[in-house]
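Each remark here refers to the structure printed beneath this line.
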Amino acid sequence: MGTFQNDDFMQSPVGDCTKELRNSMAQPLKLTIITPSFNQAPYIEQTIHSVLAQDYPCVEHIVIDGGSTDCTVDVLKKYPHLQWVSEKDRGQADALNKGLAKASGDIIGWVNSDDYYEHKIFGSIVKCFEDPGVMWVIGHLTFMWDQTGDLVAKKSPLISYDRLLNNPDIVRQPSTFFRKSFIEQAGGWNPCYFMAMDFDLWVRLAKISSPRMIDKNLAYFRIHALQKTSHANTLRQKREILSILNREHVHWTITTRISIQKNWAALKGRVKDVLLKLDVISSKGVPRQLRASAGLKE
Numbered sequence: 051m052g053t054f055q056n057d058d059f060m061q062s063p064v065g066d067c068t069k070e071l072r073n074s075m076a077q078p079l080k081l082t083i084i085t086p087s088f089n090q091a092p093y094i095e096q097t098i099h100s101v102l103a104q105d106y107p108c109v110e111h112i113v114i115d116g117g118s119t120d121c122t123v124d125v126l127k128k129y130p131h132l133q134w135v136s137e138k139d140r141g142q143a144d145a146l147n148k149g150l151a152k153a154s155g156d157i158i159g160w161v162n163s164d165d166y167y168e169h170k171i172f173g174s175i176v177k178c179f180e181d182p183g184v185m186w187v188i189g190h191l192t193f194m195w196d197q198t199g200d201l202v203a204k205k206s207p208l209i210s211y212d213r214l215l216n217n218p219d220i221v222r223q224p225s226t227f228f229r230k231s232f233i234e235q236a237g238g239w240n241p242c243y244f245m246a247m248d249f250d251l252w253v254r255l256a257k258i259s260s261p262r263m264i265d266k267n268l269a270y271f272r273i274h275a276l277q278k279t280s281h282a283n284t285l286r287q288k289r290e291i292l293s294i295l296n297r298e299h300v301h302w303t304i305t306t307r308i309s310i311q312k313n314w315a316a317l318k319g320r321v322k323d324v325l326l327k328l329d330v331i332s333s334k335g336v337p338r339q340l341r342a343s344a345g346l347k348e
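Position in the sequence shown (from 1) plus 50 gives the number in our numbering.
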């Protein structure tokens with residue numbers, strides 16, 4: 051498939067910093083949002099709108115599409131402010147690294163093409179980064195079930211290197227923002243990981259500095275049938291997490307293994323309860339992989 055990109059790839063930020071500069075001696079911090087995408091045309095427009103509907107003017111939005119075969123490119127062409135490219139890549143980590151290389155912002159946000167931001171939260175995020183000692187910021191996240199619109203809020207706990215190693219799933223990815231220089235210092239995203247590239251990055255970042263926590267919901271994580279997560283991918287994610295923990299010289303005791311097994315069983319139980327609550331278990335629209343990952347029989 052050919053490569054597509056808009057003519058003004060590096061020249062079209064969402065907001066105009068010029069007015070801010072006229073009113074301030076100091077140059078305002080610029081925020082770059084990177085969105086990796088592949089065949090998410092039904093959802094990416096809401097992602098784009100959530101960036102547009104913010105309360106901070108100095109923003110650029112970069113979409114790195116992996117050569118989608120649906121109408122994603124047609125959607126992207128509707129928004130001249132976007133910086134985007136559509137071409138085959140080596141996966142999500144590769145797409146994120148491409149976006150990072152093109153980013154001109156001081157602060158980086160990563161939102162996938164099926165997730166979206168809370169209204170008017172960029173101003174609060176940038177304010178955190180006005181403290182030069184803050185390297186990354188994490189807030190709360192809300193899970194949104196696409197089929198019903200049900201919302202489940204998830205607060206972010208305090209994050210540290212040790213806490214991450216004990217609980218790999220405590221970082222709320224769409225609600226995380228970083229200094230560009232900080233990600234570059236850590237080496238960016240590792241394309242060797244397909245499912246755990248986020249956990250790998252969190253670990254490397256947390257070894258350098260703990261994040262500033264912000265007590266606000268920052269983003270929405272969409273649960274839907276087309277998302278990357280599946281039963282097979284969940285197993286791959288667990289294997290990748292184990293390899294990262296082994297790299298960090300985590301000693302796996304019998305107690306730790308039992309704890310992980312219990313946590314996984316509890317997670318499957320919660321997914322099953324939610325599906326039962328939503329009365330979709332008998333629906334033909336529930337994918338087999340989703341039913342399997344929740345431990346449900348046909």
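C-beta atoms are modelled at their ideal positions from N, C-alpha and C, and glycine is treated no differently.
### Simplified DSSP assignment, three categories, for residue 252
helix
### Query
Are residue 253 and residue 294 closer than 9 Å when you measure CB to CB?
yes
### Residues bridged to residue 204 (per DSSP)
191
#### Entry: The alpha helix (DSSP H) enclosing residue 213, as first and last residue numbers
211-216
### Message
Only counting the same chain, and skipping five residues up and downstream in sequence, which positions put a Cβ closer than 8 Å to that of residue 215?
### Response
253, 295, 298 and 300
### Message
Residues in the same chain with beta-carbon distance under 6 Å from residue 166, minus the five sequence neighbours each way, listed in chain order, please.
### Response
96, 97, 100 and 270
### Query
Considering only the beta carbon of each residue, do residue 158 and residue 150 sit closer than 9 Å?
yes
### Task
Using 10 angstroms around the beta-carbon of residue 140, count the other beta-carbons present and answer buried if the total reaches 16, otherwise exposed.
exposed
### Task
Tell me whether residue 240 sits in a helix, a strand or coil according to DSSP, three-state version.
coil
### Query
Is the distance from the Cβ of residue 126 to the Cβ of residue 94 below 9 Å?
yes
### Query
From which residue to which residue does the alpha helix (DSSP H) around residue 176 run?
Taken as a continuous stretch (DSSP letters only), the alpha helix (DSSP H) holding residue 176 covers 172-179.
### Query
Per DSSP, what kind of secondary structure is residue 185 in: helix, strand or coil?
Looking at residue 185 - three-state DSSP - the assignment turns out to be coil, as it is neither helix nor strand.
### Query
Buried or exposed: which applies to residue 116, given that a residue is buried once 16 or more other Cβ atoms fall within 10 Å of its Cβ?
buried
### Proximity winner among 185, 120 and 85, relative to residue 148 (alpha-carbon distances)
Of the residues 185, 120 and 85, the one whose Cα lies closest to the Cα of residue 148 is 85.
### For residue 100, the first and last residue of its enclosing beta strand (DSSP E)
No beta strand (DSSP E) holds residue 100; the alpha helix (DSSP H) holding it covers 91-102.
### Query
Ordered along the chain, which non-local residues of its own chain (more than five positions away) have a Cβ less than 7 Å from that of residue 233?
150 and 158
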